[in-house]
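Data first, discussion second: the structure below is written as structure tokens.
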Amino acid sequence: MRFGVVVFPGTWSDCDFHYVVSEVLRQPVKYIWHRDRNLDDVDCVVLPGGFSYGDYLRAGAVAGRSPVVEALGDFVARGGHVLGSCNGFQILCEAGLLPGALMRNECLQYRCQQTHLVVENVETPFTRGLRVGQVLTMPISHGEGKYYADAGALAKLRKNGQIVFRYATAEGQVTRTANPNGSLESIAGVVNEEGTVLGLMPHPERAAEPAMGSTDGLLIFQSLLGSLVEDGSFLKR
Amino acid sequence: MTGSEPKATPDLARELGLTADEYDRIIKRLGREPTYTELGLFSALWSEHCAYKHSRVFLARLPQTGPHVLQGPGENAGVVDIGDGWAVVFKIESHNHPSFIEPFQGAATGVGGILRDIFTMGARPIALLDSLRFGEPDDPKTRRLIEGVVSGISWYGNCFGCPTVGGEIAFAPEYAGNPLVNVMCVGLVRADRIFRARAEGVGNPVFYVGNKTGRDGIHGATMASSTFDERAEERRPTVQVGDPFTEKLLLEACLELMQTGAVVGIQDMGAAGLACCTSEMPARAGTGMEVELSRVPRREIEMTPYEILLSESQERMLLVVARGREEEVRRVFAKWELDAVEIGQVTGDGDLTVRHHGEIAARLPVKALAEAPRYEKPTAPPPWMAELRAFDPLTLPEPADYEEALLAVLGSPTIGSKEWAFRQYDQQVGINTLVLPGSDAAVLRVKGTRRALAISTDGNGRQVFLHPRRGAAMAVCEAARNVSCAGGRPLGVTDCLNFGSPERPEILWQFAEAIDGLAEACRALDLPVVGGNVSFYNETNGQAVLPTPIVGVVGVLEEAGRAATQWFKGAGHRLALLGPDAVSLGGSEYLWTLHRRLAGALAPLDLGLERRVQSAVQAAIGTELVLSAHDCAEGGLAVAVAEGCVTGRELVGGSVTLPEGARADLTLFGEGPSRVVVSVDPARVLEFEGLMAESAIPWCWIGTTGSERLRVRCGSTTVIDAAIESLEQAWRRGFERHLA
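If you read the protein sequences in the order shown, they are chains A and B.
Heads up: the first sequence at position 190 corresponds to 179 in the numbering used here, and the numbers run straight through without jumps.
Just add 181 to the spot in the second sequence (first one is 1) and you have the numbering used here.
Encoded structure:
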């Protein structure tokens, strides 16, 4: 399965995703420059963390209108998969590929810390290897990660099972104190209606090796690999 | 010469920070009066900040060479070989003065400046550490400084994408008017791909790359070379404004261009901006340089040659490129959407020739600019020194309740958890950080090898104040010991020397003594000083900071997977104390926290023993004989043990028995060098004892881990029996409670 890691000016998790895909997952991976529109030779596009275009205006606002992101709509329509983490999630929301928006953390400060995520939907290609209620440990690192969606969008997210991860305690309880940024309903990650685009604020690439303190991030990649290999969707494209 | 500019006079020279003697010297050297622009060049390049006028003769006493040293002082940063074809580039620098005037931008551009020093050498920055000193945090003004400095560091480092993995924050009233913001950066480079700041090759084009030039930071170097008074805030325009996004682009563009082989020399435009680069780069190579200022990308109109040369606008570099490779430079910088403009060339005449629209604005021998006067001003020990050291802390009453005393010391802002600051810093980007902030040293793996780096910064101003020589030596020992406690073998040192005005004999005496202490300790531990920074004039209204040399040490672990941390790993492990018994309450955290006294004598320092203790700790970690290792530093043995209990992911109690004899507060809270607490799996006790016997160091078993309490006995008397949760609360809230 072929991965493409997008590099915007100001992206900094690009090398980390590249390393995890090539050295840990042992899958083919390449960098995609933000000006490229050609996504024909990849199965999954990764939008990594960082401060794309300096996050000027709003986090992800400029990148959300970049050539590569403009090409993503078509890529997704053709059955491609997209994983956006941190700044990548912000970009996906700015581009309208995912509902909602990410606002400044409630504490008004940057937060880099370990978080626990409780899994809510395992019917997506990114989560099918997980159990409902399973708790994943992976870190966050952001200043603007407070998820917000209006009442209509939230109702739709709930109805369609698009809420995939919520911040929780180590035991899986969704509590106010376990919510590191004030996200609406502790939402940490959502998918599009088809389940083929995942955005989350935490960093799965920082939780992909025992030396980094957790390997739970790998479960997301492995679910995706399993999904695409098993149903052959990466062969169809 | 440009007509509309003021004429250079001795008065103008003095206003720009040059003495009458220095002005005479310039006239003698040139054989004529300088132009206004030329005077500006001298004032910046002969400032203390750029020229180390008062410190250079002393700095020469530091050991600067060693078998691993690939680059010593004199370049943008030092370089040490770590094996497998890799080298580590590192340096620490101060941004004290700007951070006091404008804490957010002052600290942010401090981070930006040190990052550029590292990637100028061709290295990718992989770690930042911040050594911060403030006044007591219950003062609202200090709180504002803390919040500004921490958010400035957070903003710049996080956006740029270099993790902040360590450092320390300490408090003393002497820093209230002059906080210290010292930032260390570490980068990785292939040992055969190091770049230097030399303008080689007559005829090679000179490129200006990066951010545009504005009027910010003009005379920043001169500002950093004087003391403050009540009007310090009027100097805000001398503080630069940072843009970490542009810095990130500059990093990627520079590293990409370096891969092509087109770069001959490169220097960051830091203090004294373009003036510094255009004179230092040819001075190092024995060449000259000519530049045309009208080509310099600017963001303000009608800037004078003086302003363009002395602007300290951030995120800019000067490149010397191989003639014929100009297109590659333009292509790479265009890709990253940055300016890259050819502004001149390397010449063979030894002069810096500056033109503005073709007209000569300055023409000076680069050697004249590079050869600032060197002073060896008088030194004299402060008269109050002897009395201060003669104070015996044991004349103070013993605390009624030792548990209360431990809670107070553990909960002091200096010792308490710094999570409030560190959670605002990205600590992991790059996925190298094996040991996060909160242990003795940060540990980062070197991908593609089995190795890891252990990094620590340290410096105890109180100890240096009481005994500059021994205190400075102890700072080297402690930073190196921290690295050893993570399992690293220390390889090299960078130092940031923060002092008051060198024009006062007692301050210069502190400085000279501290240098001798640093030199002695570095020699004894085989640690070359490969770079660093001197920051003088840290005083406001005549009140100098505590003399504070901050020492950064980088070490290497052969096996990344064996890195040790300071916290206890579970119940039933044996606890041992390695090192000497000798401790003192003089200058201790205990004495300050409980009695608000800074006085007394320091414990003795035996550098040979220090070295043996560190070797023993490294060997014990390298053979996996210990489960944790923690240096006894501020707060003494009691705090070291308590930190073992409460700083890990799980709380672990302990039971410790210490020898009777001395007063219990001395035993518990006395501070002294060369002491390390380790925990040992009971199954490995015999092996551990064998290793200790071979190491020829004093050591003893002091207790075991386990239970929900920390119990400490001195002889048969129980002096502390505290619930672990209460200790944890005190430690966790110690600093943060002042900010909420």
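We treat Cβ as the ideally placed atom computed from N, Cα and C, and that holds for glycine.
Checking the sheet assignment: what are the DSSP bridge partners for residue i?
{"i": "A/LEU97", "result": "Note: A/LEU97 sits in no beta bridge, so no partner."}
{"i": "B/PRO254", "result": "B/GLU256"}
{"i": "B/GLN644", "result": "B/GLN644 pairs with nothing; no bridge assigned."}
{"i": "B/TYR389", "result": "B/LEU499 and B/VAL522"}
{"i": "B/GLY713", "result": "B/ASP676"}
{"i": "A/ASN263", "result": "Outside the displayed span of chain A (-10 to 226) sits residue 263 of chain A, for which this structure offers no information."}
{"i": "B/GLU473", "result": "B/ARG536"}
{"i": "A/LEU125", "result": "A/LEU106"}
For a cutoff of 8 Å on Cβ pairs, would you count residue i as touching chain B?
{"i": "A/PRO(-2)", "result": "yes"}
{"i": "A/SER2", "result": "yes"}
{"i": "A/PHE40", "result": "yes"}
{"i": "A/ALA52", "result": "no"}
{"i": "A/TYR20", "result": "no"}
{"i": "A/LEU224", "result": "Any reading at A/LEU224 must be qualified, since the residue scores a pLDDT of 44, below 50, and its modelled position is unreliable; the value itself is stated next. Closer than 8 Å: no."}
{"i": "A/SER130", "result": "yes"}
{"i": "A/GLN79", "result": "no"}
{"i": "A/ARG155", "result": "no"}
{"i": "A/ASP30", "result": "no"}
{"i": "A/MET201", "result": "yes"}
{"i": "A/ASP205", "result": "no"}
{"i": "A/GLU183", "result": "no"}
{"i": "A/GLU59", "result": "no"}
{"i": "A/GLY246", "result": "As shown, chain A starts at -10 and ends at 226. That puts residue 246 of chain A outside it, with no answer to give."}
{"i": "A/GLU174", "result": "no"}
{"i": "A/GLU194", "result": "yes"}
Less than 8 Å separating the beta-carbons of residue i and residue j?
{"i": "B/VAL346", "j": "B/GLY291", "result": "no"}
{"i": "B/ALA801", "j": "B/VAL807", "result": "yes"}
{"i": "B/VAL590", "j": "B/TYR356", "result": "no"}
{"i": "B/ALA378", "j": "B/GLN421", "result": "no"}
{"i": "B/CYS231", "j": "B/ALA452", "result": "yes"}
{"i": "A/GLY227", "j": "A/VAL31", "result": "In this structure chain A extends from -10 to 226, so residue 227 of chain A is not present and cannot be described."}
{"i": "B/GLU870", "j": "B/GLY816", "result": "no"}
{"i": "B/PRO554", "j": "B/GLU203", "result": "yes"}
{"i": "A/LEU173", "j": "A/LEU143", "result": "yes"}
{"i": "B/GLY597", "j": "B/TRP912", "result": "yes"}
{"i": "A/ASN170", "j": "A/ARG120", "result": "no"}
{"i": "B/VAL764", "j": "B/ALA784", "result": "yes"}
Output yes if chain A places a C-beta closer than 8 Å to the C-beta of residue i; else output no.
{"i": "B/GLU518", "result": "yes"}
{"i": "B/MET182", "result": "Per-residue confidence for B/MET182 stands at a pLDDT of 42, beneath the threshold of 50, marking its modelled position as unreliable; the derived number appears in the next sentence. With 8 Å as the cut-off, B/MET182 does not count as an interface residue toward chain A."}
{"i": "B/TYR389", "result": "no"}
{"i": "B/ASN392", "result": "no"}
{"i": "B/TYR337", "result": "no"}
{"i": "B/GLN910", "result": "no"}
{"i": "B/ARG626", "result": "yes"}
{"i": "B/LYS429", "result": "yes"}
{"i": "B/CYS340", "result": "yes"}
{"i": "B/PHE426", "result": "yes"}
Would you mind reading off the limits of the alpha helix (DSSP H) that contains residue i?
{"i": "B/ALA571", "result": "566 to 571"}
{"i": "B/CYS895", "result": "B/CYS895 -> not in any alpha helix (DSSP H); beta strand (DSSP E) instead, spanning 890 to 895."}
{"i": "B/ILE688", "result": "686 to 705"}
{"i": "B/THR290", "result": "284 to 301"}
Would you give the residue range spanned by the beta strand (DSSP E) that residue i belongs to?
{"i": "A/TYR20", "result": "18 to 22"}
{"i": "A/LYS135", "result": "135 to 137"}
{"i": "A/GLY118", "result": "A/GLY118 -> no beta strand (DSSP E), and no H or E assigned at all."}
{"i": "B/PRO562", "result": "B/PRO562 -> no beta strand (DSSP E), and no H or E assigned at all."}
{"i": "B/CYS813", "result": "Here B/CYS813 belongs to no beta strand (DSSP E), and DSSP marks it neither H nor E."}
Contact list for the region 729 to 749 of chain B against chain A, Cβ threshold 8 Å = ALA741 and GLY742
What are the residues of the region 102 to 115 of chain A that lie near chain B, defined by any Cβ-Cβ distance shorter than 7 Å?
-> GLN102
Using a beta-carbon distance cut-off of less than 7 Å, what residues from the region 585 to 616 of chain B approach chain A?
-> ARG604, GLN605, TYR606, ASP607, GLN608, GLN609, VAL610, GLY611, ILE612 and LEU615
Using a beta-carbon distance cut-off of less than 7 Å, what residues from the region 78 to 98 of chain A approach chain B?
-> GLN98
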